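In this note's numbering, the protein residues as written are 80 to 521.
Below is one structure, written out as structure tokens; comments come after it.
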Amino acid sequence: MRVKILSSASSFNGVTYNTNKTQNEKGELTRLRNFGYLQDTRDVGPNEVKNYLIAHSNRNTLVKDKQFHAMISCKGREYSKEELTDIAHEWIDKMGYGANPFLIVFHKDTANNHVHIVSSRIDREGKKISDSFEKLRAQEAINEIMRLNPKHEAAKAADGLMEFRFSTKAQGFLILENLGFKVREKDGQIELIKYGSVQGQIPASEFNQKIQSYQLNKDRAKQLKAILDRYSKVYQSQPTCLFEPKPGGKKGNQTGYRSDLGDFIRDKFGLQLVFHGKDGKRPYGYSLIDHANKIIFKGSEVFPIQRFFEQEGERKTYQAQQPSKDRPIDLIEAKVKLQSALNDFSTVRQGLEHHALKLENRDGYSYLKTAQGDIAASDILSAEQQLALRQYFHESEPHKEGQSQTIFDLAPVLNIANDIDDESVHGRKRSKKRKGENEITR
80 MRVKILSSAS SFNGVTYNTN KTQNEKGELT RLRNFGYLQD TRDVGPNEVK NYLIAHSNRN
140 TLVKDKQFHA MISCKGREYS KEELTDIAHE WIDKMGYGAN PFLIVFHKDT ANNHVHIVSS
200 RIDREGKKIS DSFEKLRAQE AINEIMRLNP KHEAAKAADG LMEFRFSTKA QGFLILENLG
260 FKVREKDGQI ELIKYGSVQG QIPASEFNQK IQSYQLNKDR AKQLKAILDR YSKVYQSQPT
320 CLFEPKPGGK KGNQTGYRSD LGDFIRDKFG LQLVFHGKDG KRPYGYSLID HANKIIFKGS
380 EVFPIQRFFE QEGERKTYQA QQPSKDRPID LIEAKVKLQS ALNDFSTVRQ GLEHHALKLE
440 NRDGYSYLKT AQGDIAASDI LSAEQQLALR QYFHESEPHK EGQSQTIFDL APVLNIANDI
500 DDESVHGRKR SKKRKGENEI TR
């Protein structure tokens, strides 16, 4: 999801620009808020809207360019008119313009759906709404909104899956399930389900094409066999069952298997052993996920499963001496340690360094490196903890010399170049509804 702050102006030409779009059937007024008596008027004209904004803004005679004009766009038709309007409304609230008169206009005249927002930079008290680091805050606000949307997660998971090579449907599903999705095939689509709803889809034809195009990488399989053969003679290789803990020390449902050999090759080589079985019984098979090379191997393509159960002499128990900042940790371990880093130490930095957690901040998102891939910190932390983490990143990043709002280039309002809707990051769908006596949606 992309946001762009367009140029300020004294005459509210953004209203004219967007009205021309609607008259040419290239746009549609989807929301009009806080316009007083105009809220109850049918067929409000552009001059009435513009005059109301001018009258509202005349509370402040010192600020010359009083127009606030912005655009939010998505990739292609990923989000509908209604969805983009709701996202834009929440974004306006976060930027501090929610109590001001504003309008939202949906545009469909380019390859990417997008909305324009026009408001006043002057609040009802006659004070200018802060525009400090406006571009930075604008993108942070949209990132925050989209981070709360599982649709973004599903799109990212789908893109990540298609980078892998796999030979069976179950292997492809395994990657998605490791990321917390339930998966099913329905009506020609692979559906990614989270929170009880379908959050994303992959065409089954594309999914099946990946399977059909699979060719065994014999050289890599040979390398992996040598690794397993060597270290299965060093570390305990027999898988043991993992169960959900329950009160009183009782065992809950089985969650998987682990072995010391599996822990070692995960830390050392970025390889993930996933054993298949249930009911606490000996696994009947396994998959080997080569994260570095984006390949999922059938266990039988690499190393016989029975070899993991052979005990030829004493084996070592694998225990990392010191956690390395470069090694990916297990998802469950990562969640526990990140919570501890934020709750149990006097500073976030102390907690992260103590647990040797590897975090990355990309486009306003914080990601935690794990053996199962990058996990959004927002999936683990409370809103308060997320704020503390964002503050940590803000304080850790060196400030660029001369950084201020003045470095942001602003284009003329009526220049068509303003109507940019670059390819966006996928986002999560917001379904928050706003209701009020004067709510008018056009």
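Backbone N, C-alpha and C fix where the C-beta goes; we use that ideal spot for every residue, glycine too.
Here the structure is a predicted model, which means the values were calculated and not measured.
For ASP238, which of LEU295, GLN218, ILE269, GLY175 has the nearest alpha-carbon? Position 159 of the sequence shown, counted from the start, is the residue given in the question as residue 238. It is ILE269 whose Cα lies nearest to the Cα of ASP238.
Which residues in the same chain have their Cβ closer than 8 Å to the Cβ of SER445, if we skip the five residues on either side of it in sequence? Translated into the one-based positions of the sequence shown, residue 445 becomes position 366. Result list for SER445: LEU438, GLU439, ALA455, ALA456, SER457, GLN465, LEU468, ARG469, PHE472, in chain order.
Assuming ALA300 contacts VAL381 (C-beta within less than 8 Å), just tell me the rounded distance between them. In the sequence shown, counting from the first residue as 1, residue 300 sits at position 221. In the sequence shown, counting from the first residue as 1, residue 381 sits at position 302. Confirmed, about 5 Å.
How close, in whole Å, do the beta carbons of ILE368 and ARG244 come, if the pair is a contact with beta carbons under 8 Å? Position 289 of the sequence shown, counting from 1, holds the residue named residue 368. Position 165 of the sequence shown, counting from 1, holds the residue named residue 244. Their Cβ separation, rounded to whole angstroms, is 11 Å, which puts ILE368 and ARG244 out of contact at 8 Å.
Per-residue burial, ASP308 [other beta carbons within 10 Å of its own, 16 or more giving buried]: Within the sequence shown, the letter at position 229 stands for residue 308. Answer is exposed; the Cβ neighbour count stays below 16.
Identify every run of the alpha helix (DSSP H) within the region 94-174, keeping only runs that are complete inside it and at least 4 residues long; order them along the chain. 125-136, 160-174
Sequence-distant residues of the same chain with beta carbon closer than 6 Å to LYS479, five excluded per side: Position 400 of the sequence shown, counting from 1, holds the residue named residue 479. Low confidence applies here, because LYS479 scores a pLDDT of 39, under 50, leaving its location unreliable; read the following figure in that light. Cβ neighbours of LYS479 beyond the five flanking positions: none.
With DSSP collapsed to three states, give me the class of LEU258. Stepping through the sequence shown from its first residue, residue 258 is reached at position 179. Here LEU258 sits in coil by DSSP.
Could you tell me the distance, in whole angstroms, from the CA atom of SER198 to the CA atom of ASN179? Along the sequence shown, one-based indexing puts residue 198 at 119. Along the sequence shown, one-based indexing puts residue 179 at 100. Straight-line Cα distance between these residues: approximately 7 Å.
For the alpha helix (DSSP H) holding GLU285, just list the boundary residues, first then last. Residue 285 sits at position 206 when you count from the first residue of the sequence shown. From DSSP, the alpha helix (DSSP H) with GLU285 extends over 283-291.
May I have the straight-line CA-CA distance separating GLN333 from PHE147, to the nearest angstrom? Within the sequence shown, residue 333 is the residue found at index 254, counting from 1. Within the sequence shown, residue 147 is the residue found at index 68, counting from 1. Answer to the nearest angstrom: the Cα atoms are 55 Å apart.
Supposed close pair TYR365, ILE344 - CB separation, criterion 8 Å: On the sequence shown, residue 365 is found 286 positions in, with the first residue counted as 1. On the sequence shown, residue 344 is found 265 positions in, with the first residue counted as 1. Their Cβ separation, rounded to whole angstroms, is 12 Å, which puts TYR365 and ILE344 out of contact at 8 Å.
Have a look at TYR314, LYS173, ALA234, GLY378 and flag the residue whose alpha-carbon is nearest the alpha-carbon of TYR158. One-based indexing of the sequence shown puts residue 158 at position 79. Nearest C-alpha to TYR158: ALA234.
Are the beta-carbon atoms belonging to GLU568 and ALA283 less than 8 Å from one another? What is shown of the chain runs 80 to 521, which leaves residue 568 out entirely.
Cross-strand partners of VAL277 (DSSP beta bridge): Working through the sequence shown from its first residue, we reach residue 277 at position 198. DSSP, once it has assigned bridges, lists ILE272 as partnering VAL277.
At which residues does the alpha helix (DSSP H) containing VAL427 begin and terminate? For this step, residue 427 is matched to residue 348 along the sequence shown. Start and end: 427-434.
Separation of LYS145 from ILE151, as counted between CA atoms: Within the sequence shown, numbered from 1, the residue matching residue 151 stands at position 72. Within the sequence shown, numbered from 1, the residue matching residue 145 stands at position 66. The alpha-carbon atoms of ILE151 and LYS145 are separated by roughly 20 Å.
Are the CB atoms of GLU223 and LYS173 within a distance shorter than 8 Å? Within the sequence shown, numbered from 1, the residue matching residue 173 stands at position 94. Within the sequence shown, numbered from 1, the residue matching residue 223 stands at position 144. The answer is yes: Cβ separation under 8 Å.
Relative to the alpha-carbon of LEU163, which residue among LEU447, HIS195, ASN126, SER461 has its alpha-carbon at the smallest distance? Within the sequence shown, numbered from 1, the residue matching residue 163 stands at position 84. Closest by alpha carbon: HIS195.
Since GLY341 is in the beta strand (DSSP E), which residue starts that stretch and which ends it? Taking the first residue of the sequence shown as 1, we reach residue 341 at position 262. From DSSP, GLY341 is part of no beta strand (DSSP E) but of the alpha helix (DSSP H) over 339-348.
Rounded straight-line distance, which links the Cα of THR319 to that of SER169: Mapped onto the sequence shown, residue 169 falls at position 90. Mapped onto the sequence shown, residue 319 falls at position 240. Reading off the sequence, residue 169 comes out as Glu, not Ser. GLU169 and THR319: Cα-Cα distance of roughly 48 Å.
Count the other CB atoms, across all protein chains shown, that sit within 10 Å of the CB of ARG154; report buried if there are 16 or more and exposed otherwise. As a first step, residue 154 must be located in the sequence shown, where it is residue number 75. According to the sequence displayed, residue 154 carries Lys and not Arg. With 16 or more other Cβ atoms within 10 Å, it is buried.
Of the choices ALA371, LYS357, GLY356, PHE388, whose alpha-carbon is the least far from that of ASP346? The residue labelled residue 346 in the question sits at position 267 within the sequence shown. It is ALA371 whose Cα lies nearest to the Cα of ASP346.
In this structure, how does DSSP classify SER86 when only helix, strand and coil are distinguished? Start at 1 with the first residue of the sequence shown, and residue 86 comes out as number 7. Coil at SER86, not helix or strand.
Rounded distance between the beta-carbons of GLY335 and LEU352, thought under 8 Å: Residue numbering aside, residue 352 sits at position 273 when the sequence shown is read from its first letter. Residue numbering aside, residue 335 sits at position 256 when the sequence shown is read from its first letter. That belief does not hold up - the Cβ atoms of LEU352 and GLY335 are roughly 10 Å apart, past 8 Å.
For the alpha helix (DSSP H) that PRO369 lies in, which residues bound it at each end? Counted from its first residue, the sequence shown places residue 369 at position 290. For the record, residue 369 in the displayed sequence is Asp; it is not Pro. ASP369 -> not in any alpha helix (DSSP H); beta strand (DSSP E) instead, spanning 364-369.
Residues in the same chain with beta-carbon distance under 8 Å from HIS355, minus the five sequence neighbours each way, listed in chain order, please. Stepping through the sequence shown from its first residue, residue 355 is reached at position 276. PRO362, TYR363, GLY364, TYR365, SER366, listed in sequence order.
Let me check understanding here. Comparing Cα to Cα, which of LEU132, GLU432, MET80 lies closest to GLY205? For the purposes of this step, residue 205 is identified with residue 126 of the sequence shown, where counting begins at 1. It is LEU132.
Would you kindly work out how many angstroms separate the C-alpha atoms of GLN429 and ALA420, rounded to a whole number? Mapped onto the sequence shown, residue 429 falls at position 350. Mapped onto the sequence shown, residue 420 falls at position 341. Answer to the nearest angstrom: the Cα atoms are 7 Å apart.
In angstroms, rounded to a whole number, what distance separates the CA positions of GLU219 and GLY175? One-based indexing of the sequence shown puts residue 219 at position 140. One-based indexing of the sequence shown puts residue 175 at position 96. Each residue's alpha carbon lies about 13 Å from the other.
Whole angstroms are fine: how far does the CA of GLN418 sit from the CA of ALA462? Along the sequence shown, one-based indexing puts residue 462 at 383. Along the sequence shown, one-based indexing puts residue 418 at 339. The straight-line gap from Cα to Cα measures roughly 13 Å.
Are ILE281 and THR247 touching if we call contact CB-CB under 8 Å? Taking the first residue of the sequence shown as 1, we reach residue 281 at position 202. Taking the first residue of the sequence shown as 1, we reach residue 247 at position 168. Not a contact, by the Cβ cut-off of 8 Å.
Can you pull the DSSP bridge partners for ASN440? By one-based count along the sequence shown, residue 440 stands at place 361. Paired residue(s): SER445.
Alpha carbon to alpha carbon, how far is PHE286 from MET241? Give it in angstroms, no decimals. Counting from one through the sequence shown, the residue named residue 241 turns up at place 162. Counting from one through the sequence shown, the residue named residue 286 turns up at place 207. In a straight line, the C-alpha of MET241 is about 8 Å away from that of PHE286.
LYS360 by DSSP, collapsed to three states: which one? Translated into the one-based positions of the sequence shown, residue 360 becomes position 281. LYS360: coil per DSSP, three-state reduction.
LYS357 versus ARG441: straight-line alpha-carbon distance, rounded: If you number the sequence shown from 1, residue 357 lands on position 278. If you number the sequence shown from 1, residue 441 lands on position 362. C-alpha separation (whole angstroms): 38 Å.
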